[in-house]
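**Q** Here's a structure for you.
Protein chains: 2
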Amino acid sequence: MTWRDPSGRTLADYPHPSIAVDVALLTVTQDGRLAVLLHERDEHYEAGRWALPGTFVRMDETLRDAALRALREKVGETGQEPRQLRVFDALDRDDRGRVMSVAHVDLVPPGRLEGTTGTLLPIDPETRQPILPDRQGGLGFDHDQIVEAAVEWARDAYQERPDPRHLIGEEFTLLELQRVHEAVLGRPWQKDTFRRHMVQYLDETGDLSRGTVGKPARLFRRRPQQI
Amino acid sequence: MTWRDPSGRTLADYPHPSIAVDVALLTVTQDGRLAVLLHERDEHYEAGRWALPGTFVRMDETLRDAALRALREKVGETGQEPRQLRVFDALDRDDRGRVMSVAHVDLVPPGRLEGTTGTLLPIDPETRQPILPDRQGGLGFDHDQIVEAAVEWARDAYQERPDPRHLIGEEFTLLELQRVHEAVLGRPWQKDTFRRHMVQYLDETGDLSRGTVGKPARLFRRRPQQI
DNA sequence: ACAATAGTGTCTATCAGACAATATCCT
DNA sequence: AGGATATTGTCTGATAGACACTATTGT
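In order, the protein sequence lines correspond to chains C and W.
Counting with my numbering, you get residues 1 to 227 for the letters of the first sequence.
Counting with my numbering, you get residues 228 to 454 for the letters of the second sequence.
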């Protein structure tokens, strides 16, 4: 059944690079900061270093499934919708052998990270790097580049549209929405500018917020995407 | 020397997917159209179909080098600077076995494609697909998606900056520049809008064009990128 | 009444897009 | 002179950013 070339060999008979996935799982914490989920490696390699969850891609799974499995196995969490960033393929990036890694990013609400065995570390908005609790020289592998690309991806996604990854619920006030966007973008936003930019993508629910001080705010929901 | 896990196995001992590269090599033809370099497969698989040049990545080469080798071996041309688009990883995308492909794009001046054994086919600006000379059902594999992504990448690159991939020479008139941009973007551009948009990235050489009918145009060159 | 937050009016600067007038060459 | 192309002036509409005023609640 297996395909064979004229010399009778299958594809797997030729030596070929191994392929891994690494996932930068981002979220926004209670205190309004972007954070990334890391774990301290207890593997047989690079043990003790901070790293992104990652794993080798198996023969019969897609990249997406491998990314979700990496999150489950390494930090006890299911991601949501991992997206490819790019392939890291430097010949010497892994001393164990020839390994390419497909970097992924996912951005999930903080509620999904309750039972995690990983560590959520805040990201410096300027450097786009996690702030490590100890000063032991950064992330393993090329994971600093992956985190940077992940932050860029998230910022891009939150530049235009209201909370596309549903970090907050279905109904929210403009102030709540603004807080999330400011956390992801790592910079403040003028409230009137923000409002006028976002309302075009929002529908009013007709209800008002309750129990807050000051004038109650209208509640909005995301307007269903018109194609 | 080789790393081994606790069970004494190397990375390569575990079955893992094969990895390939495919390259959409784009250029702009004399008649001002975007075109992609294809070849008719004479391989042992999918023979006779139009396809992008591609090859399997070897153990000791980077994606970039594999992409350049694919161009050399399949269409007799050296590319310039292939860039990753994304990984195509559907489980059934290749009947020969589990093969992921890292799609690449490159955009080179037409002069580099003189001795090619491939076929340059124009791209429909609307569909972003090559116009095949025969009506035999499209490209093999998922190469239609790759071409589409490649065109998107090229358009993005030519949205803002003057001819970043140096499809024309170092000195040019604004009309020459505009022709190239219109070819890549697949739509006309108003000359005064185009001019005012581009001059900020250009320096005048001080010379004028010669031998043309009408008022001679000033020559420009790209302003060295200020960081 | 007062504090606090929500929502809006309006001014400015910038920019893309479009039209058309003027400038300068070649034959 | 007349055709052809280059270059620039100017108008319009859209938009981001900023400031400040008005509106509506709880205490």
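Note that the Cβ used here is the ideal one computed from N, Cα and C, for glycine as well.
1. Is the Cβ-Cβ distance between V284/W and P17/C less than 9 Å?
2. What number of angstroms, rounded off, separates the C-alpha of E152/C from the C-alpha of R422/W?
3. Looking at the structure shown, is P130/C part of a helix, part of a strand, or coil, going by DSSP?
4. Quick check on DSSP: helix, strand or coil for V147/C?
5. Indicate whether at least one CB of chain C lies closer than 9 Å to the CB of W230/W.
6. In or out: K191/C buried (at least 16 other Cβ within 10 Å) or exposed?
7. Between the C-alpha atoms of Q159/C and E204/C, what's the straight-line distance to the nearest angstrom?
8. Going by CA-CA distance only, name the one from L139/C, Q30/C, R221/C that's closest to F172/C.
9. Can you check DSSP and say which residues form a bridge with Q84/C?
10. Whole angstroms is fine: what's the gap from D351/W's alpha carbon to Y201/C's?
11. Let me see if you follow: with CB-CB separation under 9 Å, is A384/W close to chain C or not?
12. Starting from the beta carbon of S245/W, find every residue of chain C whose beta carbon is closer than 8 Å, and list them in chain order.
13. Between L219/C and G206/C, is the Cβ-Cβ spacing less than 9 Å?
14. How long is the line joining the alpha carbons of G140/C and D89/C, rounded to whole angstroms?
15. Verify whether the separation of the beta carbon atoms of P130/C and A35/C is less than 9 Å.
16. When the Cα atoms are used, what is the spatial distance from P216/W to Q307/W?
17. Can you tell which of P389/W, A294/W, V335/W has the C-alpha that lies nearest to the C-alpha of H408/W?
18. How would you label T254/W, buried or exposed, when you count the other beta carbons within 10 angstroms and need 16 or more for buried?
19. Would Q145/C count as contacting chain W if we go by Cβ distances under 9 Å?
20. Taking DSSP as the reference, what is the three-state secondary structure of P188/C?
21. Report all residues from its chain with a CB closer than 7 Å to the CB of A183/C; omit the five preceding and five following residues, and keep chain order.
22. May I have the straight-line CA-CA distance separating D319/W from E73/C, to the nearest angstrom?
23. Can V314/W and V102/C be called in contact, C-beta distance under 9 Å?
24. Taking the CB atoms as reference points, tell me whether A251/W and A376/W lie closer together than 9 Å.
25. DSSP three-state label for H266/W, please.
26. List, in chain order, every chain C residue whose beta-carbon is nearer than 9 Å to that of A318/W.
27. For G438/W, which three-state DSSP category applies?
28. What does a CB cutoff of less than 6 Å around D344/W pick up in its chain, not counting 5 residues either side in sequence?
29. Please report the residue range of the alpha helix (DSSP H) in which L68/C lies.
30. Kindly list, in the order they appear in chain C, the residues whose Cβ is closer than 7 Å to that of D322/W.
31. Just tell me which of L295/W, R414/W, A278/W, I246/W has its CA closest to the CA of Q372/W.
32. Within a Cβ cutoff of 7 Å, which residues of the same chain sit near L113/C, ignoring the five residues on either side of it in sequence?
33. Report all residues from its chain with a CB closer than 8 Å to the CB of V374/W; omit the five preceding and five following residues, and keep chain order.
**A** The structure says:
1. Yes, the pair counts as a contact, with Cβ atoms nearer than the cut-off.
2. For the pair E152/C and R422/W, the Cα-to-Cα distance works out to about 31 Å.
3. The answer is strand: DSSP assigns P130/C an E or B state.
4. The answer is helix: DSSP assigns V147/C an H, G or I state.
5. Cβ-Cβ to chain C under 9 Å: yes for W230/W.
6. Residue environment: K191/C is assigned as exposed (fewer than 16 neighbouring CB atoms within 10 Å of its CB, all protein chains considered).
7. Those two C-alpha atoms are separated by around 21 Å.
8. With respect to the C-alpha of F172/C, the residue from L139/C, Q30/C, R221/C having the closest C-alpha is R221/C.
9. DSSP lists H104/C as partners of Q84/C.
10. Between the alpha carbons of D351/W and Y201/C lies a distance of about 32 Å.
11. With a threshold of 9 Å between beta carbons, A384/W makes no contact with chain C.
12. Those are L11, A12, Y14, H16, listed as they occur along chain C.
13. Yes, they are a contact pair.
14. Cα to Cα, the separation comes out at about 15 Å.
15. Contact check for P130/C against A35/C passes: the beta carbons are separated by less than 9 Å.
16. Outside the displayed range of chain W (228 to 454) lies residue 216/W, so it cannot be described from this structure.
17. When C-alpha distances from H408/W are compared across P389/W, A294/W, V335/W, the shortest belongs to P389/W.
18. Classification for T254/W: buried.
19. Not a single C-beta of chain W is nearer than 9 Å to the C-beta of Q145/C.
20. When secondary structure is reduced to three states using DSSP, P188/C falls in the coil class, being assigned neither helix nor strand.
21. V28, G32, R33, L34.
22. Cα to Cα, the separation comes out at about 26 Å.
23. Pairing V314/W with V102/C gives a Cβ-Cβ distance under 9 Å.
24. Contact: yes.
25. Looking at H266/W - three-state DSSP - the assignment turns out to be strand.
26. Checking the displayed sequence, the identity of residue 318/W turns out to be Leu instead of Ala. Going along chain C in sequence order, the residues near L318/W (Cβ under 9 Å) are D60, E61, T62.
27. Here G438/W sits in coil by DSSP.
28. In the sequence on display, residue 344/W carries Thr and not Asp. Same-chain partners within the cutoff: V302, G303.
29. Counting along the chain, the alpha helix (DSSP H) containing L68/C begins and ends at 63–75.
30. For D322/W, the chain C residues whose Cβ falls inside 7 Å of its Cβ are W3, in order along the chain.
31. Of the listed residues, the one whose Cα sits closest to Q372/W is A278/W.
32. Contacts found: T27, L37, E77, L120.
33. Closer than 8 Å at the Cβ level, and outside the excluded window around V374/W, lie A251, V263, L279, I350, R355, Q356, P357, L366.
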